[in-house]
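> The working numbering puts the first residue of the sequence shown at 3, with every later residue one more than the last. Positions of the beta carbon are idealized from the N, C-alpha and C atoms, including for glycine. Structure in structure tokens, see below.
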Amino acid sequence: MAKKKGIHLIGVGGIGMSGLARLLAARGWPVSGSDVQDGPLLKSLRRAGVRIRIGHRSEGIRGAGTVVYSSSIAPANPELMAAFDRGLTVLHRGQMAAALARGRRLIAVTGAHGKSTTSAMIADLLFRAGWDPMVLLGAELPAIGGNARMGAGRWAVFEADESDNSLLWLKPSVGLVTNIDDEHLDYFRNREEILRMVAGFTGRIAPSGTLIGCSDDPQVAELLGSVSRRTLSYGFNSGAAVRAEGVELGPEGSSYRCWINGAERGEVVLKVIGRHNVLNSLGAIAAAEAIGLDFDRARAGLAQYAGIRRRFQPLGSVGGAMVFEDYGHHPAEVEATLGMARLWPDRRVICVFQPHRYSRTQHLMDRFGASFKRADQVILLPIYAASEAPVEGIGPQQLCARIVSAGTPARILTADQILSRLPKELLPNDLVLFMGAGSVGALAHRFVARFGEKTSGKEQGALLPVA
């Protein structure tokens, strides 16, 4: 048998690309990848047999027959240019994801917020139900050992990235839309372009498939009413096909009574906290309903779901103050995450926030200002550029002024200043939340490693009824 030519991934340290590399290696392909710096994801890929090179050089693609890139890779990248010059097969990561999904029945989850958790919940409950799904996520799910698994079952669960239209290569049997919001405005010019992208995604669903959507979102509700395919709605509203009643929230978990198509099916108990996670779990139950997984098996799986990394993840404590890390970087995510922090009502909430991208900060400045109202104080880091050029008049100073004018005390510190000052200011009943999609996560881990004690659990408390 002829030896397989390798597959090389440029920017393999990203969460999406690393998942592709893991799946390709599991299929037996010789896989290599490159990135500008090392990190935990690359270390795990090495253990999976992926050959890693730090830095991008034309010789890095030697031995490859196919080169995969993402939208974050510049056209002038030396490896990408070399691949075209040598006539290799060059694929966008969305094309490779679609190729990997062929032969499986695909559940694709997209939306501005909640898609990582919703797709992780679906993957987790299918895994625990013995359906052995293929999984590709934009976050690490400890239950499956990372952000991807090959699986041998007939179903696949993919988090469908809407940030650059790459989801339009997928052909799902079940498509799930969590919500529609002004996001990724570095790529989309306006809300109309986002709506066209979502409509394009629904058009890719198999004619015999199902579109699932959160009907609490007016634009998703409108979308559900405009398609010819089977639809299934979920949400808190009384018209949703899959809905929750009697929601109780607390710092140790959540619970509610689940109704499906007008009939009460039973209580759902979750380890994860927050009203938005109740909503995410309803989406997972709707997906289970769409593919014929029994409700009792679905809720049993959800009861064991323990979350994904970087989503209100407890890191430890510093002088009695609880420390959490979260990936949220949009005003809607900030509000939801601070809502979780407020489930400890007697704690002072200090939010350390790193704005992500100049474009996002510019377009959402007014919304950001009001989104921190549930924090007692905010510490802003400089903007994490994510390869963007600075925008004149857009920086942490402008955002700080908006937050203060909305009524929340705020100040600007560098990472070094946070490490030197914040430990001295903390009280034993504080809750410190490091939030953002950039380097703030590493800062949070340094903070706990230097000054505190690591932990794997959450403080316990009573469930609180929610109207």
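1. For D298, which residues from the same chain have a beta carbon less than 8 Å from its beta carbon, with the 5 sequence-adjacent residues on both sides left out?
2. How would you call N279, buried or exposed, if buried means at least 16 neighbouring beta carbons within 10 angstroms?
3. Span of the beta strand (DSSP E) holding G371?
4. How far does the beta strand (DSSP E) with A66 in it reach, from first residue to last?
5. Pull up the DSSP beta-bridge partners for L272, would you.
6. Using only the alpha-carbon positions, how far apart do A289 and W261 sit?
7. DSSP on I310, reduced to helix/strand/coil?
8. Determine the contact status of G177 and L213, defining contact as a CB-CB distance below 9 Å.
9. For chain D, is any of its Cβ atoms less than 9 Å away from the one on R362?
10. Where does L428 fall in DSSP's three states?
11. For A110, which three-state DSSP category applies?
12. Grab me the residues of L435's own chain with a C-beta within less than 6 Å of its C-beta, minus the 5 sequence neighbours each way, in chain order.
13. Do A110 and L26 have their beta-carbon atoms positioned less than 9 Å apart in this structure?
14. May I ask you to report which of helix, strand or coil DSSP gives R24?
15. Output needed for A100: all residues of its chain with C-beta closer than 6 Å, excluding positions within five of it in sequence on either side, in chain order.
16. Return the chain-ordered ranges of every beta strand (DSSP E) run that is complete within the region 372-450 and spans a minimum of 3 residues.
17. Bridge partners of Y470, per DSSP?
18. Across the region 234-252 and the region 76-86, are there enough close Cβ pairs to call them in contact, namely three or more that are closer than 8 Å?
19. Hey, how far is the Cα of G438 from the Cα of D183?
20. Answer with buried or exposed for Q419, where buried requires no fewer than 16 other C-beta atoms within 10 angstroms of its C-beta.
21. For P316, which of helix, strand or coil comes out of DSSP?
22. Between V393 and R232, what straight-line distance do the alpha-carbon atoms span, to the nearest angstrom?
23. Consult DSSP for K460 and reduce its assignment to one of helix, strand or coil.
24. Can you list, in chain order, the residues of its chain with a C-beta nearer than 7 Å to that of P135? Leave out the 5 residues immediately preceding and following it.
25. Would you list the one or two residues that DSSP bridges to R350?
26. Give the DSSP-derived three-state secondary structure of H278 in the structure shown.
27. Taking buried to mean at least 16 other C-beta atoms within 10 Å of its own C-beta, is T416 buried or exposed?
28. In the DSSP assignment, find the unbroken beta strand (DSSP E) run with V179 in it and report its ends.
29. So for A131, helix, strand or coil by DSSP?
30. Going by C-alpha distance, which of R198, L93, G148 and R24 is nearest R312?
31. Here's a check: name, in chain order, each residue in its chain whose Cβ is nearer than 8 Å to the Cβ of G459, leaving out the five neighbours to either side.
32. For T91, count the other beta carbons within 10 Å of its own beta carbon; 16 or more makes it buried, fewer makes it exposed. Which is it?
33. Would you kindly work out how many angstroms separate the C-alpha atoms of A300 and E224, rounded to a whole number?
34. Which two residues bound the contiguous alpha helix (DSSP H) that contains M152?
35. Classify V14: buried if its beta carbon has 16 or more other beta carbons within 10 angstroms, exposed otherwise.
36. Shortest alpha-carbon distance to S20 belongs to which of P253, V222, G8 and R48?
Reading off the structure:
1. Cβ neighbours of D298 beyond the five flanking positions: G268.
2. With 16 or more other CB atoms across the displayed protein chains lying within 10 angstroms of its CB, N279 is buried.
3. Premise fails: G371 lies in the alpha helix (DSSP H), M367 to S373, not in any beta strand (DSSP E).
4. Where A66 is concerned, the enclosing beta strand (DSSP E) starts and stops at A66 to Y71.
5. Among the bridge pairs identified by DSSP, L272 is matched with S256.
6. Their backbone Cα atoms lie some 14 Å apart in a straight line.
7. For I310, the three-state secondary structure derived from DSSP is coil.
8. Yes, the Cβ-Cβ distance between G177 and L213 is below 9 Å.
9. Checking the listed chains, one finds no chain D in this structure; it contains a single protein chain.
10. Looking at L428 - three-state DSSP - the assignment turns out to be coil, as it is neither helix nor strand.
11. Strand.
12. Excluding residues within five positions, the ones whose Cβ falls inside 6 Å are F326, A343 and C353.
13. With contacts defined as CB atoms closer than 9 Å, L26 and A110 fail to qualify as a contacting pair.
14. Correct three-state label for R24: helix.
15. For A100, where only same-chain residues beyond five positions count, the Cβ hits under 6 Å are W171 and L172.
16. Qualifying beta strand (DSSP E) stretches, in chain order: 379-382, 412-414 and 432-437.
17. This structure cannot speak to residue 470, because the chain is shown only from 3 to 469.
18. Here the region 234-252 makes no contact with the region 76-86; the two share fewer than three CB pairs at distances below 8 Å.
19. If you take the alpha carbons of G438 and D183, they lie about 18 Å apart.
20. Around the beta-carbon of Q419, fewer than 16 other beta-carbon atoms lie within 10 Å, marking it exposed.
21. Reduced to three states, the DSSP call for P316 is strand.
22. Rounded to the nearest angstrom, the two C-alpha atoms are 45 Å apart.
23. Low confidence applies here, because K460 scores a pLDDT of 42, under 50, leaving its location unreliable; read the following figure in that light. DSSP, reduced to helix, strand and coil, places K460 outside both helices and strands of the structure shown, so it counts as coil.
24. Residues A125, L128, F129, G153, G155, W157, A158 and V159 of the same chain have their beta carbon placed closer than 7 Å to that of P135, with the five preceding and five following residues left out of the count.
25. Per DSSP, the beta bridge partners of R350 are D432.
26. In this structure, H278 counts as helix in the three-state DSSP scheme.
27. Classified as exposed, T416 has fewer than 16 neighbouring CB atoms from the shown chains inside 10 Å of its CB.
28. Unbroken beta strand (DSSP E) run through V179: V176 to V179.
29. Reduced to three states, the DSSP call for A131 is coil.
30. For the residues R198, L93, G148 and R24, the minimum Cα distance to R312 belongs to G148.
31. Bear in mind that the predicted position of G459 carries a pLDDT of just 44, short of 50, making it unreliable; the figure below should be weighed with that in mind. If we look at G459 and ignore the five residues flanking it on each side, its Cβ neighbours are P316.
32. Residue environment analysis places T91 among the exposed positions, since fewer than 16 neighbouring C-beta atoms fall within 10 angstroms of its C-beta.
33. Cα-Cα distance, rounded: 28 Å.
34. Run containing M152: none; DSSP gives neither H nor E here.
35. Classification of V14: buried, given that the 10 Å Cβ count is 16 or more.
36. Considering only alpha carbons, the answer is R48.
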